[in-house]
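In our numbering, the protein residues as written are 2 to 173.
Just so it is clear, CB atoms sit at the ideal spot from N, CA and C, and this is done for glycine as well.
Notes follow the structure.
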Amino acid sequence: MTTPDLSPVDATPFERTAATVEQLEQEGDIAADFLEELMDIADIDGDLALDVKSGRAYVSLESDQAGSLALLSDPETVQALQELTRIAVQNRTGRFSRLILDIGGSRATRQRELETLVDRAIARIEAGATQASLPAMSSYERKLVHDIVADRRFVSESYGEGADRHTVISRG
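The following block contains the structure:
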C-alpha cells in the first residue's frame, strides 16, 4: 500500500498572496492527484472534475454508482478530506490554499441546509428577537451565510475566534 506524496516542493512558510488562475489550476491538479491516490487506497470509484471560481480551486468527486460516495459526502468527512487535501497542496506549492472540495453534491446539500438555518433565524427575528446567532462554522460556510442573509435583506456579522467563530443575524 502506498501513501500519497506530501513532500514539499519548497520549505518556505506558506504564502498568503492571491493566487493566479494558473496557480489555482496547479492546486486543482495536485489535489486531484492526491485524491486519486486516496481513492485507490480506499478502493473507491469516482470521477474528479476541476474548476476555478471566485479565486479558489474547486475539486468535485462524483460517481455514477448510487450510494458509493454516501459515507464520504457527510459534511464533517468532506471538511476533513478538504483539509487533508489542502495540506497536500500547500506542502507541494508552498502557498496557502483555499481549495474547495465537493463530494457527491455535498456542497449543494450544505447550501440548502444553511438556507434553512438562516430562514429559521430570520423567522425568530420577525417574531420579535433582536438578533439570532448561528452555530460556529467554517469561513467558507460563514461566507455562504452572509450571502444568503444579504439576499434576504437582513444583516450578518461574524464574531468569535478560531473554531468558535459564528454568525449573528439582525435587521440592520
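query, result
"N-terminal and C-terminal residue of the beta strand (DSSP E) that R57 is part of", "R57 to E63"
"Assigned exposure category for P25 - 16 Cβ within 10 Å defines buried", "Looking at the sequence shown, residue 25 is not Pro but Leu. With 16 or more Cβ atoms within 10 Å of its Cβ, L25 is classed as buried."
"Exposed unless 16 or more other CB atoms sit within 10 angstroms - verdict on L72", "exposed"
"The segment 95 to 102 touching the segment 58 to 65, judged by at least three CB pairs closer than 8 Å", "yes"
"Beta-carbon contacts of T78 that lie in its chain and below 8 Å, excluding the five residues immediately before and after", "L72 and I104"
"Where E162 sits in the DSSP three-state scheme", "coil"
"Close beta carbons around A19, own chain, < 7 Å, minus the five adjacent residues each side", "G56"
"Option in A130, Q91 and L145 with minimal Cα separation from T110", "L145"
"R166 Cβ short of 8 Å to the ligand MG heavy atom set", "Although the ligand MG was asked about, the structure shown includes no ligands whatsoever."
"Nearest residue (CA-CA) to S159, options R93, A33 and V169", "V169"
"Outcome for S157 when other beta-carbon atoms lying within 10 angstroms are tallied against a minimum of 16", "buried"
"Sub-9 Å separation of H167 and A122 beta-carbons", "no"
"Terminal residues of the alpha helix (DSSP H) in which D1 lies", "Since the first and last residues shown for the chain are 2 and 173, residue 1 lies out of range."
"Where L36 sits in the DSSP three-state scheme", "helix"
"Buried versus exposed call for I31 [16 or more other C-beta atoms within 10 Å across all chains shown]", "buried"
"F35 beta carbon less than 9 Å from that of L70", "no"
"Nearest residue (CA-CA) to A130, options G173, I45 and T117", "G173"
"Euclidean distance between Cα positions of V90 and D65", "27 Å"
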